[in-house]
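Quick notes on the structure that follows.
Residue numbers (the working numbering): 373 to 706.
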């Protein structure tokens with residue numbers, strides 16, 4: 373009975389991640405923030421605020437982290453909601469599991485700022501972050517440190533995955549080469565008019581319904597845009613997917629998004645890119661963000677941590693520093 377009640381509570385909480393035609397956008401954002409915000413960050417993670425490319429960002433640093441590894445995380449929220457506050461606890465857990473700093477931007481949201489505002493903000497953040505990491509790597513090399521090459525990870529969930537893929541499609545090779553992993557949770561990969569989520573009359577999903585996609589996308593962009601790769605990555609041409617960074621997709625077995633994820637994995641593999649799909653039995657959309665109710669949430673993030681902390685040879689990364697304070701390249705604003 374406790375397991376059943378916990379599952380119901382998890383579903384109730386996760387439904388607050390969704391936006392539909394009956395929801396006022398300000399009410400949606402407020403309720404989302406109030407539900408997911410936390411006073412104390414888990415595992416003694418340190419929070420600092422910093423502007424990358426003039427975009428306000430959280431910088432979350434665990435007690436122990438690799439000095440040359442940083443994750444840029446793009447939150448979901450149906451293109452219209454989500455914030456650093458709401459994702460702070462989840463991204464703190466990610467930082468601890470992956471032994472890295474996590475940067476979470478407060479990018480502009482629809483409908484006030486439709487496509488491509490979010491994409492522009494994320495590109496600006498990435499360029500600024502990349503520059504700082506390169507400078508830090510050069511300084512480390514001068515000091516004789518082995519951590520001379522920056523290791524950037526792109527993380528995203530839900531609608532944020534569309535924005536993350538748009539970033540990657542726009543990057544030149546020198547930037548892509550520094551991205552070691554792409555981690556996608558329950559990604560929105562195809563929201564075009566002919567997609568499964570838009571054409572299936574009754575979606576078999578405990579969290580998402582068709583109205584969520586229709587309302588979110590209509591607030592985000594024109595219907596004529598929905599089939600371009602910067603909004604529906606699954607529809608990207610092959611040359612966009614070639615040399616795509618190693619990708620890890622994690623989601624629940626019961627998601628309506630699963631078939632698109634399988635297709636995206638096959639498309640990446642077909643052009644020689646690496647992609648692993650990690651499907652959790654009996655789990656729902658973004659189950660990782662209901663960790664107080666679902667034991668699987670913790671195990672799932674453990675698996676993400678193992679993916680990130682293993683290098684090409686399968687060995688755990690050794691450039692680890694024990695610094696509760698942030699390094700000089702990341703600083704708090706006055």
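A virtual CB, placed ideally from N, CA and C, is assigned to each residue, including glycine.
{"Check": "Cβ neighbour criterion (16 or more within 10 Å) applied to residue 671", "Outcome": "exposed"}
{"Check": "Anticipated Cβ contact below 8 Å, residue 625 with residue 652, distance rounded", "Outcome": "6 Å"}
{"Check": "Residue 616 beta carbon less than 7 Å from that of residue 640", "Outcome": "yes"}
{"Check": "Residues that residue 619 bridges to, as DSSP identifies them", "Outcome": "554 and 647"}
{"Check": "Beta carbon of residue 604 nearer than 7 Å to that of residue 562", "Outcome": "yes"}
{"Check": "Span of the alpha helix (DSSP H) around residue 586", "Outcome": "582–592"}
{"Check": "CA nearest to the CA of residue 413, picked from 388, 570, 464 and 506", "Outcome": "464"}
{"Check": "Burial state of residue 684, where buried means 16 or more other Cβ atoms lie within 10 Å", "Outcome": "Reliability of the predicted coordinates at residue 684 is poor, the pLDDT of 41 falling under 50, and the value obtained from them is presented with this limitation in mind. Its Cβ having fewer than 16 others within 10 Å, residue 684 is exposed."}
{"Check": "Straight-line gap, residue 419 to residue 411 (C-alpha atoms, nearest Å)", "Outcome": "12 Å"}
{"Check": "Chain-order list of residues whose beta-carbon lies under 8 Å from that of residue 584 (same chain, five-residue window excluded)", "Outcome": "390, 391, 392 and 450"}
{"Check": "Cα-Cα separation between residue 452 and residue 492, rounded to whole angstroms", "Outcome": "16 Å"}
{"Check": "Buried or exposed (CB count within 10 angstroms, at least 16 for buried), residue 447", "Outcome": "buried"}
{"Check": "Cβ neighbour criterion (16 or more within 10 Å) applied to residue 402", "Outcome": "exposed"}
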